[in-house]
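Participant: The following block contains the structure, expressed as structure tokens.
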Amino acid sequence: MGAFENYISSLQRFGIQPGLERIEALLQRMDEPHLKYPHVLVGGTNGKGSTCEFLARLLASDGKRIGLYTSPHLYRWNERIRVVSSQGSAISGQNFPDAISDEDLDALFFEAKAHLDVVAEELGQPTEFETITALAFWHFSRVKVDAAVLEVGLGGRWDATNTTSPTVSVITHVALDHCDRLGKTVEAIARDKVEIARRGRVLVTAETKPEVLEIFSAHCVTIGAKFWPIFAPDASNDGAALQNGLAYVQNAPQPADSFQKINWQTALTARFALAQEQNEPLNTPVVEIDFQVPGRVEVISEKPRVVLDVCNNPDGAEFLSRAFAEKFPDAAGRTILVLGILADKDYEAMTRLLAPLARIVIATQSQSPRAARAYAIAALARPFCSQVEVIISVKDAMQRALHLAKDGDTILVAGSFTNISEAMAEIGTI
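Each residue of the sequence shown is one higher than the last, beginning at 23 in the numbering used here.
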């Protein structure tokens, strides 16, 4: 474990601390790196990671060097800070060749340590998310990326990424998650997330719920933002420009699997909006790109077939249940589900959605202190599946699943990022 990872691990006890004053002070000491390149800020309940991946690959296909900041990570902190080029990036296992190296991350941290110490003394210790976010912005500035794609961590209003001045903002969609911090209704959550919109700039959204669109539209009118709801164009206040963007989307190649089409079309619209905001013509056609995103309905083994998905809330679980049935119809009645969820998620709803997919459910529990008890998950799964086992260790759960798998079976590993990471370590692909 390097110096940065040792330091960041020590910050976990600080948890989530609302407020932007610490990261604003930190960025000011770093000479405002987040204001030195155009960028797209992507928020939403689910689909953020896929949309960011697609958008970064699209922009890189134009020959640009694109900073890509995402969270959380699957395997290591390095994955959160990447510079994507036209050569593309590997998408399976832990192989992220475009991620910042251990050496560069440690060197960046050592230079930032004095700034971190001053801010900690004056305003309180920056959290782990504030620290990694500031380092990402600083890295992108130092390596002189042409543009960046930034994923919001939590909500919008008080997220560390909201210190930026995005050229384009994106909200994928809104569903119930983090209700203890963002509100207990989609309307309350929408009001928090829409704070990433900026005056005079485009806000792209794939949202379709009327009550959420009304909140987004009203906010954009209030601050003078251009509202681009790509699946409800009549609600736009910038209709002609949006129609041009939608024509661009329709002329682009589409993924074969329908479950990623919304995220792909959102990324295409954001690419068009960014070009418009920068007065850059889009003369190059959209190239074929790899639509696989790490940890999203990802096949990492064929014999037996092992599929990973980081569906970490009910909305994500519902997405997975549809996508899994569409992509693997032969897995019906032949699926072994290894399920581990965090306790601060609605794991009851998630289990109800995912357990019916399986012939066998193995309830497990990652080493995260936030992990839900495997016995609780198992109890929730039993009404939906006749064979449910409890194996606390994710390593042992994977060994059991591999032992139970017969020819033609599919092992589906789902739930939290920590569950997926520990499962992958056992499979041996890390």
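Glycine included, C-beta positions come from ideal geometry on N, C-alpha and C.
Considering only C-alpha positions, which residue in the set P336, V224, F159 and R213 is nearest to L375?
Facilitator: As a first step, residue 375 must be located in the sequence shown, where it is residue number 353. Out of P336, V224, F159 and R213, P336 has the C-alpha closest to the C-alpha of L375.
Participant: Say whether the region 142-149 touches the region 57-70, bearing in mind that this needs 3 or more beta-carbon pairs closer than 8 Å, one atom from each stretch.
Facilitator: Taking 8 Å as the limit for Cβ pairs, the verdict is that the region 57-70 does not touch the region 142-149.
Participant: Where I322 and P94 are concerned, what is the direct C-alpha to C-alpha distance, given to the nearest angstrom?
Facilitator: Stepping through the sequence shown from its first residue, residue 322 is reached at position 300. Stepping through the sequence shown from its first residue, residue 94 is reached at position 72. Those two C-alpha atoms are separated by around 20 Å.
Participant: Measuring straight from C-alpha to C-alpha, what distance separates S390 and N273?
Facilitator: Translated into the one-based positions of the sequence shown, residue 390 becomes position 368. Translated into the one-based positions of the sequence shown, residue 273 becomes position 251. Roughly 44 Å separates the two Cα atoms.
Participant: Per the DSSP calculation, V106 is bridged to which residue(s)?
Facilitator: Translated into positions along the sequence shown, residue 106 becomes position 84. According to DSSP, V106 bridges with I88.
Participant: Roughly how many angstroms separate the alpha carbons of S443 and V165, rounded to a whole number?
Facilitator: Counted from its first residue, the sequence shown places residue 443 at position 421. Counted from its first residue, the sequence shown places residue 165 at position 143. Going from the Cα of S443 to the Cα of V165 covers about 29 Å.
Participant: What are the boundary residues of the beta strand (DSSP E) that includes E173?
Facilitator: Position 151 of the sequence shown, counted from the start, is the residue given in the question as residue 173. Note, E173: beta strand (DSSP E), A169 to E173.
Participant: Just curious, the alpha helix (DSSP H) that E27 is in, first and last residue?
Facilitator: Within the sequence shown, the letter at position 5 stands for residue 27. A25 to S32 is the span of the alpha helix (DSSP H), which, as asked, contains E27.
Participant: Please look up how many angstroms separate the CB atoms of P296 and A436, rounded, as I've assumed it's under 8 Å.
Facilitator: Stepping through the sequence shown from its first residue, residue 296 is reached at position 274. Stepping through the sequence shown from its first residue, residue 436 is reached at position 414. Just to set this straight, residue 296 is Leu in the shown sequence, not Pro. Wrong, their Cβ atoms sit about 33 Å apart, outside the cutoff.
Participant: Do the CB positions of R223 and E324 come within less than 9 Å of each other?
Facilitator: What you label residue 223 is simply residue 201 of the sequence shown in a count that begins at 1. What you label residue 324 is simply residue 302 of the sequence shown in a count that begins at 1. Taking 9 Å as the Cβ cut-off, R223 and E324 do not qualify as a contacting pair.
Participant: Mapping DSSP to helix, strand and coil, what is Q387?
Facilitator: Translated into positions along the sequence shown, residue 387 becomes position 365. Of the three classes helix, strand and coil, the one that applies to Q387 here is coil, per DSSP.
Participant: Determine the burial state of T244: buried for a count of at least 16 other Cβ atoms within 10 Å of its Cβ, exposed for fewer.
Facilitator: Taking the sequence shown and counting its residues from 1, the one referred to as residue 244 is at position 222. It counts as exposed.
Participant: At 3 residues or longer, and completely inside the region 254-296: list those beta strand (DSSP E) runs for me, N to C.
Facilitator: You should have found no qualifying run.
Participant: Would you tell me roughly how many angstroms separate the C-alpha atoms of A385 and S438, rounded to the nearest one?
Facilitator: Translated into the one-based positions of the sequence shown, residue 385 becomes position 363. Translated into the one-based positions of the sequence shown, residue 438 becomes position 416. Near 12 Å, if we compare the C-alpha coordinates of S438 and A385.
Participant: If we count the other Cβ atoms within 10 Å of its Cβ and call it buried at 16 or more, is P40 buried or exposed?
Facilitator: The residue labelled residue 40 in the question sits at position 18 within the sequence shown. Exposed, by the Cβ-count rule.
Participant: Three-state secondary structure (DSSP) at I413?
Facilitator: Here residue 413 corresponds to residue number 391 of the sequence shown, with the count starting at 1. Three-state result, I413: coil.
Participant: Measuring alpha carbon to alpha carbon, tell me which residue in T207, E46, H137 and T291 is nearest D181.
Facilitator: Residue mapping note: residue 181 aligns to position 159 of the sequence shown, counting from 1. Nearest C-alpha to D181: E46.
Participant: Check whether the region 126-140 and the region 60-73 are in contact - that is, three or more C-beta pairs closer than 8 Å.
Facilitator: As far as the Cβ criterion goes, the region 126-140 does not touch the region 60-73, which means the pair count is below three.
Participant: Could you check whether the region 71-81 touches the region 277-295, counting it as contact only if at least three pairs of C-beta atoms, one from each stretch, sit closer than 8 Å?
Facilitator: Yes, since at least three Cβ pairs between the region 71-81 and the region 277-295 fall closer than 8 Å, the two stretches touch.
Participant: Quick check: the Cα distance between S111 and T440, rounded to an integer number of angstroms?
Facilitator: For the purposes of this step, residue 111 is taken as residue 89 along the sequence shown, with counting starting at 1. For the purposes of this step, residue 440 is taken as residue 418 along the sequence shown, with counting starting at 1. Because S111 carries a pLDDT of 45, less than 50, the predicted location of this residue cannot be relied on, and the following value inherits that uncertainty. Between S111 and T440, the C-alpha separation is close to 22 Å.
Participant: Grab me the residues of R392's own chain with a C-beta within less than 7 Å of its C-beta, minus the 5 sequence neighbours each way, in chain order.
Facilitator: Here residue 392 refers to the residue found at position 370 when the sequence shown is read from its first residue. So the qualifying residues of the chain are L364, A365 and D366.
Participant: Leaving out five residues before and five after L49 in sequence, what residues of the same chain have Cβ atoms less than 7 Å from its Cβ?
Facilitator: Reading the sequence shown from its first residue, position 27 is the one you call residue 49. Closer than 7 Å at Cβ, skipping near neighbours: P55, H56, A156, F159 and T185.
Participant: Provide the residue(s) that pair with H56 in DSSP beta bridges, ordered along the chain.
Facilitator: As a first step, residue 56 is located in the sequence shown; it is residue number 34 there, counting from the start. In DSSP, H56 forms no bridge with anything.
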